[in-house]
Amino acid sequence: MSSGYDGRMADSQSSVMITGGAGFIGSTLVRQWLEHERERVVNFDKLTYAGLPESLEEAAEHPMYTFVHGDVAEPAAVAGTLLEHRPTTILHLAAESHVDRSISEPPLFAQTNVLGTCVLLDAATKYWHSLAGKQREAFRFVLISTDEVFGSAAPGEHFTTSSPLRPSSPYAASKAAAEHFAQSFAHTYGLPLLIVNPTNHYGPRQFPEKLIPKMILAAAAGEPLMLYGDGLHERDWLNVEDGCRGIRAVARRGIPGKRYLLGSGKCLTNREVVNAICDCLDERLGNKESTRLIAAVADRPGHDRRYAVESAAPELQWQPEVPFNEGIVQTVEWYLENTSWIDAATASLG
Ligand SMILES: NC(=O)c1ccc[n+]([C@@H]2O[C@H](COP(=O)([O-])OP(=O)(O)OC[C@H]3O[C@@H](n4cnc5c(N)ncnc54)[C@H](O)[C@@H]3O)[C@@H](O)[C@H]2O)c1
1 MSSGYDGRMA DSQSSVMITG GAGFIGSTLV RQWLEHERER VVNFDKLTYA
51 GLPESLEEAA EHPMYTFVHG DVAEPAAVAG TLLEHRPTTI LHLAAESHVD
101 RSISEPPLFA QTNVLGTCVL LDAATKYWHS LAGKQREAFR FVLISTDEVF
151 GSAAPGEHFT TSSPLRPSSP YAASKAAAEH FAQSFAHTYG LPLLIVNPTN
201 HYGPRQFPEK LIPKMILAAA AGEPLMLYGD GLHERDWLNV EDGCRGIRAV
251 ARRGIPGKRY LLGSGKCLTN REVVNAICDC LDERLGNKES TRLIAAVADR
301 PGHDRRYAVE SAAPELQWQP EVPFNEGIVQ TVEWYLENTS WIDAATASLG
């Protein structure tokens, strides 16, 4: 039997609304929720280039799963979905998520990540106010933010729940603005809000524009591995299965009003990550020294040097389980085997 909620309602009649469930993290979360939680899952997604129905093939057949094609910035679509499906929890992941795109197209990030979040918060608050008794008590709004809202960490520094928001990129600024709106709804209307700040995720079904899949596919094809600047930017890489277990723990056991930082606890430079990918490919494909393909390119403007978080929150009873050296082997293997998914991702760019 599934774990359900600790002290909160969860049965086959209640439901969770996941926005952005056709994306990288969202599709893993949908799959985990259907497998482990006793609830219907409503996936609300606009299916932008980053949202792929191919990532949801298993879920699509599940009797507890519903897909709603919609835009979080459209008030009527959001309100209608809430009234029809009456979720106990909203897990808000829908976003424009690629930092490079935010540098070339900032207004799109304000539209989806700021306005979209505000529209969803507004509809969620009105819906929550319409609930009564246990349903109202059980309701939670979980905002999936990012560790990038804190800006660049100094050497040895780890962001904590009280670190100030100092976003550097338009992407991070849009996520910080979404957080401010969410906090204002908690403060003004009492919305039971939890904020999650996860570190960089990696794993299967991540759109190939992101560092790890991009490098895997380029190295497998024998193409240059374009590494920004000196490649010594540090990130804490969290396996997507661990990240989604963490989000579920926040939804089940998190305390409304609190912020939760989720990370693996270990930082790697981009160069170390690319070296690890090259080693996997040399081993798997019998390639020779794939690292020779590494080519330094001009650094990204405003590129944060380092992200690192302290993710201690005993009430979650969560800790990451997948070491990077195992997760990266599984991830490389997945990208080598799932060529039809890669074709679908490439086609969705038009
Ligand atoms: N990937 C990471 O490493 C990472 C790390 C920390 C936080 N996050 C956050 O986690 C969330 C998910 O990230 P991801 O990497 O899975 O993103 P993704 O880009 O893979 O997926 C985003 C999803 O949101 C959907 N979407 C976009 N605009 C929408 C709209 N207006 N209405 C409805 N749906 C819309 C897309 O169709 C897609 O399915 C984001 O909020 C992101 O900021 C991601």
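Sequential numbering from 1 applies to the sequence shown in the UniProt record's numbering. Backbone N, C-alpha and C fix where the C-beta goes; we use that ideal spot for every residue, glycine too.
Less than 8 Å separating the Cβ of residue i from some heavy atom of ligand 3?
i	result
F24	The model on display carries ligand 1 but not ligand 3.
Rounded to the nearest angstrom, what separates residue i and residue j at their Cα positions?
i	j	result
E241	R284	23 Å
V114	I195	15 Å
Q319	S290	33 Å
T24	C118	Looking at the sequence shown, residue 24 is not Thr but Phe. Computed Cα separation, rounded: 23 Å.
T199	R235	8 Å
T66	R40	8 Å
E310	S55	31 Å
N338	L281	15 Å
E148	L268	16 Å
V297	L82	46 Å
M1	G222	At M1 the pLDDT is 32, less than 50, meaning the model places this residue with poor confidence and gives no usable figure here.
E74	G254	29 Å
A132	V78	20 Å
S104	G80	33 Å
R53	H98	It should be pointed out that residue 53 corresponds to Pro in this sequence rather than to Arg. Approximately 19 Å, taken between the alpha carbons.
G4	E37	For G4, the pLDDT reaches just 43, beneath the cut-off of 50, and the residue's location in the model is therefore unreliable, although a value from the coordinates is still provided. Their backbone Cα atoms lie some 5 Å apart in a straight line.
A60	Q183	34 Å
Could you name the residues of the same chain whose beta carbon sits closer than 7 Å to that of residue i, not counting the 5 residues immediately before and after it, in chain order?
i	result
G302	S168, S169
F109	E96, S102, P170, Y171, S174
Y49	S348, L349
A186	L193, G257
W128	R136, F139, L191
P87	S15, V16, M17, V42
Q111	A73
D299	Y228, G229
Within a Cβ cutoff of 8 Å, which residues of the same chain sit near residue i, ignoring the five residues on either side of it in sequence?
i	result
W33	V16, I18, E39, V41, R248
H69	D45, K46, L47
L29	I18, G21, L91, L93, C244, I247, R248
G203	F24, T28, N239, V240, E241, G327, Q330, T331, W334
D181	It is Phe, not Asp, that sits at residue 181 in the sequence shown. Only V114, T117, C118, L121 meet the Cβ criterion.
N197	S145, T146, D147, V149, F150, F159, R259, Y260, L261, L262, V309
residue 351	What is shown of the chain runs 1 to 350, which leaves residue 351 out entirely.
Leaving out five residues before and five after residue i in sequence, what residues of the same chain have Cβ atoms less than 6 Å from its Cβ?
i	result
K288	none
A176	V149, L165, P167
F141	I90, A124, L191, L193
P224	L293, A295
From the DSSP secondary-structure annotation, give me the bridge partner or partners of residue i.
i	result
W237	N200
Y171	DSSP lists no partner for Y171.
L225	I294
Y65	V41
H85	According to DSSP, which records beta bridges pairwise, H85 is partnered with nothing at all.
T269	E234
I90	M17, F141
L261	N197
F159	V309
Is residue i close to chain D, meaning its C-beta is less than 9 Å from at least one C-beta of that chain?
i	result
R306	Annotation note: the requested chain D is absent from the structure, which comprises a single protein chain.
- Item | Touch test, the stretch 207 to 224 against the stretch 140 to 158, Cβ-Cβ under 8 Å, three pairs minimum | Short answer: they don't touch.
- Message: Tell me whether the stretch 294 to 314 and the stretch 326 to 344 touch, counting them as touching only if at least three CB pairs, one residue from each stretch, are closer than 8 Å.
- Response: Result no; under three Cβ-Cβ pairs closer than 8 Å.
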